[in-house]
Each structure stands twice: as C-alpha cells, then as structure tokens.
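To keep things clear, I will list the structure first and then write my remarks on it.
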Amino acid sequence: MPRKRKNEKIKAEFFIWLISQRGTIYQADGRSNTINVGRHSLGTSIYQEAIEAVYELDRIKAVEHGLLDADELDSREKQSLPLLEGRQHYETDISSSLLTGGIRQSSQKRYKAVLDKFIKFCELEQISCWEQVDVKLLKRYAAFLESKDYAFRTIYFEVYTVKQIINWLIKEELLPNGKAIDLSLPKAQGTSTYCWKPKQVAVMVKYCRKNKALNWLGDIIICLACTGLRISELASLRWSDIDLEEGMLRLTDETMIKKKSKASKRTTKSGYNRSFPINSTLLEVFHKMPNRSGNVFRGPRGGQLKPDTVRLILIRDVIKPLAKKFPQSEDEIGFADGRPHSFRHYFCSTCANSGVPENMVMRWLGHRSSEMVQHYYHLHDEEAKQRMDTLRFIG
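Per the numbering used here: the sequence shown = residues 4 to 398.
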C-alpha cells in the first residue's frame with residue numbers, strides 16, 4: 004500500500020486548503036480561512052485528481068460566498084483542461100494506428116515517461132491544468148531538471164516534448180491559440196558519448212580472442228565496429244539479412260508487415276529500410292560461423308542475445324580489465340566510459356577520417372539527417388592532424 008502523503012497547504016485562487024487523507028481518500032479543509040468554507044471529501048485516492056478537485060471546489064465555494072459570478076464559473080470550467088485529461092487525449096492520439104498518425108511503442112514510452120516526470124513537477128508547483136503551463140513554468144522545470152543533474156540533451160528533450168504536446172492540444176482546439184509557448188531552446192553541441200580509438204578497438208578484439216569464453220563478444224565488437232549498428236539492431240540481426248555472396252547486409256523495418264508473432268517483428272529506430280556492403284573483416288567473421296539459421300549472434304550460453312547482456316559483460320569483462328592500459332583523468336570522458344553505442348560513433352569517426360562521403364555514411368547508419376555524423380565530419384582532432392601531416396602538397 005502506498006505511503007500517505009503529508010498534509011499539504013494549497014493556496015488556490017480564492018481560499019487556502021489543507022489537503023490530507025482520511026484512509027486513502029483525499030479531503031480538503033478550508034476552515035482556517037477568514038470565511039469558513041468547511042471540510043470536504045475530494046472523492047479520490049489519486050493525488051493529481053485531488054488537486055484538480057480542490058481547485059474546482061475553490062471556485063464553487065467562491066460562487067457560494069459571492070466572490071465569483073456563477074456565469075464566470077461556467078465559462079472557466081469550459082475553458083479549463085486538467086493535466087490528466089489533456090494527457091489522456093494526447094496519449095490516445097499517439098497510440099493510434101501508424102497508418103493514421105500514431106507513433107511507435109518505443110516513442111510512446113519515451114513521451115509517457117516525460118509526462119510522468121512533468122506532471123509530478125506540476126504537483127510540486129500546484130499546477131492542475133494545461134492553461135497554467137507557461138514560459139515561466141517551463142523555465143522553472145528546466146532549472147529543476149538541471150538541479151537533479153540531468154544531462155543537457157535530456158533537459159532539452161523533456162522541455163521540447165512539453166512544448167510539442169501544448170502545440171498538439173492547441174491544434175486539436177483543446178487549448179486556445181494564445182497558450183502557445185514562445186521559448187527558444189538551443190540544441191546541445193557535440194556529443195558526450197565516448198568514441199573509441201582504433202588501437203582501443205584492436206586491443207579489445209585481441210583480448211576477447213585470447214579468452215575462449217569471450218570469443219562470442221569479440222565477434223560482436225567486430226560487427227559493431229564495422230557496421231555502426233545499434234546494439235538492438237545487432238541483437239535482432241538474422242542470417243536472412245545477410246547475403247554472403249554479394250557481401251551485403253539488409254535491415255528491413257517490419258512494422259507494416261503482417262507476421263505470425265508480434266515479438267518476431269523487427270523495427271528500426273528511423274522506420275526506414277537500409278542496406279550496405281559488408282566490410283571484409285566482418286565478412287571473414289560471418290564465413291567462420293557454423294550456424295547459418297535464425298539469429299546471427301547468440302548470448303554467451305547460446306540463447307537469445309540481449310542488449311543488456313552485451314553491455315554488462317563488455318563493461319565487466321573487457322573495459323574494466325583493460326582500463327589501466329588507457330588511463331584518463333577524473334574529469335574527462337575516456338576509455339572506461341565507453342559503451343556499446345560508442346562503436347557506432349567509432350564507425351562514423353573512422354568513415355569520416357577515411358574520406359567516405361557524409362551522405363553515404365548517413366545512409367549506412369539509417370539517418371536522414373544526423374548531428375552525430377556532422378560532429379565527426381567537422382571534428383579537427385589529433386587523428387585528423389596526423390592525417391594532414393602525411394599529405395604532400397608541394398614537391
């Protein structure tokens with residue numbers, strides 16, 4: 004059973020209310036006001052619903068005591084959109100069929116997580132309806148997230164998503180046009196994901212090859228480094244995606260394809276199909292694999308490969324033992340901070356430093372546009388300087 008909240012004072016528009024719980028049901032006590040407006044059950048055990056109910060009660064009591072005209076109360080009730088009601092409208096829309104404008108389940112989960120966090124913040128701010136959400140509130144929300152040590156990109160995504168939801172509510176005529184949020188949000192520059200160095204990748208592969216129990220992980224490292232695949236894409240890679248004769252790898256988004264089992268459907272993050280040639284180093288790995296059916300890669304015990312398994316074992320059995328070979332200062336991102344997604348950055352960096360056209364790399368990675376790709380194509384790092392020194396322009 005959830006723990007009861009402490010009694011809380013809410014200063015509504017007309018009266019001050021003490022919110023408490025009797026059993027599990029919330030009640031509002033307004034007897035401490037100059038005008039005694041009594042104590043009332045709010046008829047719910049859900050906190051956010053109780054907050055919405057107390058604001059409605061506040062207006063009703065204001066009418067009873069002549070502080071608010073009844074016609075104005077009707078007008079306000081028609082204009083008010085409670086946070087939970089607006090959220091329900093939005094989530095119903097995004098969870099509709101993809102054919103009618105709905106979005107993928109993975110994106111739905113991200114947006115729902117944003118709303119969970121934002122509505123909890125609104126509870127702290129005593130905000131109960133979407134009409135109360137304005138620029139000042141979003142600035143306070145951004146400052147609140149920053150105080151909790153959220154990354155810049157996370158804060159950007161959270162605030163931008165709330166703005167996006169408000170625009171949707173306006174488009175659906177659930178909010179008036181005047182409620183649009185005029186707040187510019189600068190995008191983060193660069194990336195906080197560590198990008199492996201060629202020597203580091205080579206050392207990791209060699210380390211896995213020396214340890215029979217890690218041979219499977221060595222194959223995965225080579226595949227990630229040579230393709231830039233996301234770890235979820237690699238985990239779902241099938242032999243039917245690979246043409247060894249042509250040396251091509253094809254990833255198909257199966258969202259719109261009818262299959263016997265939903266669990267067997269593969270989705271790509273971008274929603275697009277893509278294909279690209281297989282690097283000769285990776286081709287050798289594929290040719291040596293004895294099993295040519297089902298999924299290409301399997302877990303350490305031969306079962307289904309899970310992204311979290313790769314991440315945990317990579318950190319525990321490879322990165323930590325090798326960390327002393329690649330020391331870093333406490334305040335810098337280095338080898339020890341690398342993760343499976345770092346191989347995607349490594350692939351992009353290697354392509355950029357080798358002169359592969361930017362638009363070709365974006366196709367290989369499955370991007371229509373990508374800040375990550377642009378980052379490495381505009382980066383002037385030590386490797387780029389070394390490559391410059393090998394060029395002879397005169398004589």
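Ideal Cβ placement from N, Cα and C applies to all residues, glycine included.
Item: Short Cβ contact (8 Å threshold) for L178 with I169; Value: yes
Item: Of the listed residues W133, E161, G89, nearest to K120 (C-alpha basis); Value: E161
Item: Between the CA atoms of P343 and E59 - distance to the nearest angstrom; Value: 51 Å
Item: Beta-carbon proximity list for L87, same chain, < 8 Å, skipping 5 on both sides; Value: Q51, E52, E55, I122
Item: Proximity below 8 Å, CB of I234 to CB of V208; Value: no
Item: Option in Q24, K9, I38, N10 with minimal Cα separation from F17; Value: I38
Item: As assigned by DSSP and simplified to three states, the class of C354; Value: helix
Item: Exposure of P85, with buried meaning 16 or more beta-carbon neighbours within 10 Å; Value: buried
Item: R399 - containing beta strand (DSSP E), residue span; Value: Here the chain has residues from 4 to 398 only, and residue 399 is not among them.
Item: Unbroken stretches of the alpha helix (DSSP H), 4 residues or longer, contained in the region 304-351; Value: 310-317
Item: Cα-Cα separation between I13 and I28, rounded to whole angstroms; Value: 17 Å
Item: The region 282-290 contacting the region 214-233, beta-carbon criterion three pairs below 8 Å; Value: yes
Item: Any 3 or more C-beta pairs closer than 8 Å across the region 359-367 and the region 325-341; Value: no
Item: Beta carbon of W242 nearer than 8 Å to that of G306; Value: no
Item: Environment of E236 [buried if 16+ CB atoms lie within 10 Å]; Value: buried
Item: Pair within 8 Å by beta-carbon distance, C226 and L217; Value: no
Item: Nearest-angstrom Cα separation, counted from K328 out to L315; Value: 20 Å
Item: Close-in-space but distant-in-sequence residues of the same chain around A266 (CB under 8 Å, 5 per side omitted); Value: In this predicted model, A266 has a pLDDT of only 47, less than 50, meaning its place in the structure is not dependable; the value taken from the coordinates is given anyway. Once the five neighbours on either side are set aside, A266 has no close Cβ partner at all.
Item: R253 beta carbon less than 8 Å from that of S278; Value: yes
Item: 8 Å Cβ cutoff met for K182 and E134; Value: yes
Item: Alpha-carbon spacing of Q167 relative to L102, whole angstroms; Value: 21 Å
Item: Three-way DSSP call (helix, strand, coil) for S195 in this model; Value: coil
Item: Proximal residues to L76 (C-beta, below 6 Å), its chain only, five neighbours per side dropped; Value: R62, V66
Item: Of the residues T353, E11, G89, the one placed nearest L172, counting alpha carbons only; Value: G89
Item: Cβ distance (whole Å) where A31 is taken to contact V57 below 8 Å; Value: 5 Å
Item: E128 in three-state terms, based on DSSP; Value: coil
Item: Beta-bridge partners of K12, as assigned by DSSP; Value: L21
Item: Segments of 4+ residues assigned as alpha helix (DSSP H) that fall wholly inside the region 69-101; Value: 73-82, 86-97
Item: Assigned exposure category for T353 - 16 Cβ within 10 Å defines buried; Value: buried
Item: Residue range of the unbroken beta strand (DSSP E) whose run includes A31; Value: 28-32
Item: Between the CA atoms of G26 and G41 - distance to the nearest angstrom; Value: 19 Å
Item: Neighbour-count burial assignment, Q203, 16 or more Cβ in a 10 Å radius; Value: buried
Item: A266, DSSP secondary structure in three states; Value: Low confidence applies to A266: its pLDDT is 47, below 50, so where it sits in the model is not reliable enough to give any reading.
Item: Own chain partners of A146 with C-beta closer than 6 Å, once the 5 adjacent residues on each side are dropped; Value: none
Item: Unbroken alpha helix (DSSP H) run spanning M365, endpoints; Value: 361-368
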